[in-house]
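Trainee:
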Amino acid sequence: MTIGLPRAFLYYRYRILWETFFENLSIQTVTSPPTNREILRKGTMYAIDEACLSSKIYLGHVEALIGKCDYIFVPRISNFGVREILCTKFSALYDIVSNTFRERDFNILEYNVDVRKSENEMSAFLKLGKAAGKKGRQVFFAYMMAKQAEKLEYEGNLQRQMILLKEKGLKVLVVGHGYNVYDAFVGEPVLNYLKSLGVTPIIAEIADRKKVRDLAADFSDTLPWVYNKELVGAVLDYKDRVDGIILLSAFPCGPDSLVNEIIIRRVKDKPVLNLLIDSQEAAGGVETRLESFTDILHTVHSGA
Ligand code: SF4
Numbered sequence: 014m015t016i017g018l019p020r021a022f023l024y025y026r027y028r029i030l031w032e033t034f035f036e037n038l039s040i041q042t043v044t045s046p047p048t049n050r051e052i053l054r055k056g057t058m059y060a061i062d063e064a065c066l067s068s069k070i071y072l073g074h075v076e077a078l079i080g081k082c083d084y085i086f087v088p089r090i091s092n093f094g095v096r097e098i099l100c101t102k103f104s105a106l107y108d109i110v111s112n113t114f115r116e117r118d119f120n121i122l123e124y125n126v127d128v129r130k131s132e133n134e135m136s137a138f139l140k141l142g143k144a145a146g147k148k149g150r151q152v153f154f155a156y157m158m159a160k161q162a163e164k165l166e167y168e169g170n171l172q173r174q175m176i177l178l179k180e181k182g183l184k185v186l187v188v189g190h191g192y193n194v195y196d197a198f199v200g201e202p203v204l205n206y207l208k209s210l211g212v213t214p215i216i217a218e219i220a221d222r223k224k225v226r227d228l229a230a231d232f233s234d235t236l237p238w239v240y241n242k243e244l245v246g247a248v249l250d251y252k253d254r255v256d257g258i259i260l261l262s263a264f265p266c267g268p269d270s271l272v273n274e275i276i277i278r279r280v281k282d283k284p285v286l287n288l289l290i291d292s293q294e295a296a297g298g299v300e301t302r303l304e305s306f307t308d309i310l311h312t313v314h315s316g317a
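Per this note's numbering, numbering of the sequence shown is gapless, rising by one per residue and ending at 317.
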């Protein structure tokens with residue numbers, strides 16, 4: 014059995030967890046290629062106009078996997094508890110994919126997390142393994158191995174980021190969802206261009222999750238979206254250790270537009286650049302803005 018993993022959305026957050034789980038069950042995985050113009054073109058063609066760029070990209074990745082695997086892994090994650098919800102796209106993903114491609118011949122491997130309905134991550138993995146025809150003990154072992162690998166990756170990323178924070182020179186906090194920040198079409202060109210300008214990007218998503226969630230809870234007890242809360246907490250945690258902040262979002266995003274506004278109002282002592290990437294512009298069109306922003310950072314940094 015080969016399982017296709019769309020290189021989009023929560024793949025960037027749970028890649029190690031998912032891949033290690035399947036590997037420990039001796040299930041082969043194939044991942045769609047990094048986003049390119051063709052993937053975006055097809056995703057845009059299948060998506061409704063109002064969909065955010067990230068969900069268009071997701072559909073393009075699903076399309077790229079059809080015919081290349083036995084199942085496509087499409088997680089449905091609704092919430093991790095009360096006030097720990099995800100953007101509605103993530104709870105609707107299974108239905109969006111199955112309806113969009115209803116005339117194509119492919120199978121979806123389901124994975125449901127809805128803690129408010131007693132479906133937590135572990136039970137979702139146990140059901141997933143069973144659906145793949147594996148025995149309970151084997152699935153449990155695979156899940157525990159995957160959690161261990163995920164923890165090691167998380168700690169390694171955090172350590173590397175702490176080292177980057179101590180480097181000399183300009184540092185910019187890049188605030189955005191991993192699926193945007195690391196996407197080859199959306200955020201990767203921004204990170205690469207910043208580096209070419211001699212600026213070190215610090216990634217808000219790489220943070221001490223307990224600490225940033227506590228900071229976000231102190232800041233607001235009404236924000237509902239769990240990943241956005243982490244980003245707000247990361248801004249509060251990192252803002253005094255960087256020279257500026259870039260808010261990187263995909264157009265149009267409801268949660269980000271609200272949360273970015275909150276961040277802009279809250280952060281008064283650091284330059285903030287709001288970068289909204291759409292399918293026409295992509296990140297290639299933002300170089301001039303990044304250059305101007307870097308000039309401002311140099312001026313502030315040198316105290317001119
Ligand atoms: S949070 Fe924003 S970018 Fe992410 S899926 Fe929802 S609308 Fe799209």
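Every residue gets a Cβ at the ideal spot worked out from N, C-alpha and C, and that includes glycine.
Between Val-225 and Asp-253, is the Cβ-Cβ spacing less than 8 Å?
Mentor: One-based indexing of the sequence shown puts residue 225 at position 212. One-based indexing of the sequence shown puts residue 253 at position 240. No, the Cβ-Cβ distance between Val-225 and Asp-253 is not below 8 Å.
Trainee: Can you tell me whether DSSP reads Gln-293 as helix, strand or coil?
Mentor: Counted from its first residue, the sequence shown places residue 293 at position 280. Correct three-state label for Gln-293: coil.
Trainee: Could you tell me if Asp-196 is buried or exposed, where buried requires 16 or more neighbouring beta carbons within 10 angstroms of its beta carbon?
Mentor: The sequence position of residue 196 within the sequence shown is 183, counting from 1. Under this definition Asp-196 is a buried residue.
Trainee: Could you check which residue in Val-212, Pro-265, Glu-274 has the C-alpha nearest to that of Asp-291?
Mentor: What you label residue 291 is simply residue 278 of the sequence shown in a count that begins at 1. With distances taken between Cα atoms, Asp-291 lies closest to Pro-265.
Trainee: If you follow the alpha helix (DSSP H) that Asp-196 is part of, which residue opens it and which one closes it?
Mentor: Your numbering for residue 196 matches position 183 in the sequence shown. Note, Asp-196: premise wrong, no alpha helix (DSSP H); not H, not E.
Trainee: Tell me which residues pass a beta-carbon proximity test against the ligand SF4: closer than 6 Å to any heavy atom, given in chain order.
Mentor: Per the Cβ criterion, the list is Cys-65, Ser-67, Ser-68, Cys-100, Lys-102, His-190, Ala-263, Cys-266, Gly-267, Pro-268, Asp-269.
Trainee: Start and end of the beta strand (DSSP E) containing Asn-37?
Mentor: For the purposes of this step, residue 37 is identified with residue 24 of the sequence shown, where counting begins at 1. Unbroken run through Asn-37 is the alpha helix (DSSP H), 24-37; no beta strand (DSSP E).
Trainee: How is Glu-304 classed by DSSP in three states: helix, strand or coil?
Mentor: Here residue 304 is taken as the residue at index 291 of the sequence shown, counted from 1. Residue state, collapsed to three classes: helix.
Trainee: Kindly identify the DSSP beta-bridge partner or partners of Asn-120.
Mentor: For the purposes of this step, residue 120 is taken as residue 107 along the sequence shown, with counting starting at 1. DSSP output for Asn-120 lists Tyr-84 as bridge partner(s).
Trainee: Using 8 Å for Cβ pairs, my map puts Ile-121 next to Tyr-107. What's the rounded Cβ distance?
Mentor: Here residue 121 refers to the residue found at position 108 when the sequence shown is read from its first residue. Here residue 107 refers to the residue found at position 94 when the sequence shown is read from its first residue. About 7 Å separates the two Cβ atoms, so the contact holds.
Trainee: Can you give me the start and stop residues for the alpha helix (DSSP H) that Ser-136 sits inside?
Mentor: In the sequence shown, residue 136 corresponds to position 123, counting from 1. 134-144 is the span of the alpha helix (DSSP H), which, as asked, contains Ser-136.
Trainee: For the region 201-259, list the alpha helix (DSSP H) runs that are entirely contained and at least 4 residues long, ordered along the chain.
Mentor: Fully enclosed alpha helix (DSSP H) runs of 4 or longer: 201-209, 222-232, 239-251.
Trainee: Measuring alpha carbon to alpha carbon, tell me which of Ser-136, Gly-146, His-74, Glu-243 ends up nearest Tyr-59.
Mentor: Position 46 of the sequence shown, counted from the first residue, corresponds to residue 59. With distances taken between Cα atoms, Tyr-59 lies closest to His-74.
Trainee: Quick one: grab the DSSP three-state call for Ile-90.
Mentor: The sequence position of residue 90 within the sequence shown is 77, counting from 1. Correct three-state label for Ile-90: strand.
Trainee: When you compare the CB positions of Ile-258 and Val-285, do they come within less than 8 Å of one another, or not?
Mentor: As a position in the sequence shown, residue 258 is number 245, starting the count at 1. As a position in the sequence shown, residue 285 is number 272, starting the count at 1. Their beta carbons are under 8 Å apart, which means Ile-258 touches Val-285 by this criterion.
Trainee: Distance check for Glu-304 and Gly-146, CA to CA, integer angstroms please.
Mentor: Taking the first residue of the sequence shown as position 1, residue 146 is located at position 133. Taking the first residue of the sequence shown as position 1, residue 304 is located at position 291. Each residue's Cα considered, the two are about 53 Å apart.
Trainee: Along the chain, where does the beta strand (DSSP E) that runs through Thr-44 open and close?
Mentor: Taking the sequence shown and counting its residues from 1, the one referred to as residue 44 is at position 31. Thr-44 -> beta strand (DSSP E) spans 41-44.
Trainee: Given a threshold of 16 other Cβ atoms within 10 Å of its Cβ, counted over all protein chains shown, does Arg-54 qualify as buried or as exposed?
Mentor: As a working mapping, residue 54 is identified with position 41 in the sequence shown. Its Cβ having fewer than 16 others within 10 Å, Arg-54 is exposed.
Trainee: Do you know how far the Cα of Cys-100 is from the Cα of Asp-269?
Mentor: Position 256 of the sequence shown, counted from the first residue, corresponds to residue 269. Position 87 of the sequence shown, counted from the first residue, corresponds to residue 100. Approximately 10 Å between the Cα atoms of the pair.
Trainee: Could you check which residue in Thr-15, Leu-66, Leu-165, Leu-18 has the C-alpha nearest to that of His-190?
Mentor: Translated into the one-based positions of the sequence shown, residue 190 becomes position 177. If we check each option's Cα against that of His-190, Leu-66 comes out closest.
Trainee: Taking the straight line between their C-alpha atoms, what separation do you get for Arg-222 and Lys-281?
Mentor: Working through the sequence shown from its first residue, we reach residue 222 at position 209. Working through the sequence shown from its first residue, we reach residue 281 at position 268. Whole-angstrom Cα-Cα distance: 24 Å.
Trainee: What are the boundary residues of the beta strand (DSSP E) that includes Gly-182?
Mentor: Taking the first residue of the sequence shown as position 1, residue 182 is located at position 169. Unbroken run through Gly-182: none, as it is neither H nor E.
Trainee: Which term fits Ile-98, buried or exposed, when burial requires 16 or more other beta carbons within 10 angstroms of its beta carbon?
Mentor: The count along the sequence shown starts at 1 and reaches residue 98 at position 85. Flag for Ile-98 reads buried.
Trainee: Below 8 Å on the Cβ atoms is my guess for Val-128 versus Gly-94; work out the distance and round it to an integer in Å.
Mentor: Here residue 128 is taken as the residue at index 115 of the sequence shown, counted from 1. Here residue 94 is taken as the residue at index 81 of the sequence shown, counted from 1. Going by Cβ atoms, the distance from Val-128 to Gly-94 rounds to 5 Å, so yes, they are a contact pair.
Trainee: Tell me the residue span of the alpha helix (DSSP H) that contains Gly-17.
Mentor: Taking the first residue of the sequence shown as position 1, residue 17 is located at position 4. From DSSP, Gly-17 is part of no alpha helix (DSSP H) but of the beta strand (DSSP E) over 15-18.
Trainee: I need the DSSP call for Ser-262, collapsed to helix, strand or coil.
Mentor: Translated into the one-based positions of the sequence shown, residue 262 becomes position 249. Strand at Ser-262.
Trainee: Whole angstroms are fine: how far does the CA of Arg-278 sit from the CA of Glu-243?
Mentor: Along the sequence shown, one-based indexing puts residue 243 at 230. Along the sequence shown, one-based indexing puts residue 278 at 265. Distance between the alpha carbons of Glu-243 and Arg-278 is about 17 Å.
Trainee: Give me the Cα-Cα distance between Met-158 and Arg-150, rounded to the nearest whole angstrom.
Mentor: Position 145 of the sequence shown, counted from the first residue, corresponds to residue 158. Position 137 of the sequence shown, counted from the first residue, corresponds to residue 150. So the two alpha carbons sit approximately 12 Å from each other.
Trainee: Can you look up Ile-79 in the DSSP assignment and give me helix, strand or coil?
Mentor: Position 66 of the sequence shown holds residue 79. Here Ile-79 sits in coil by DSSP.
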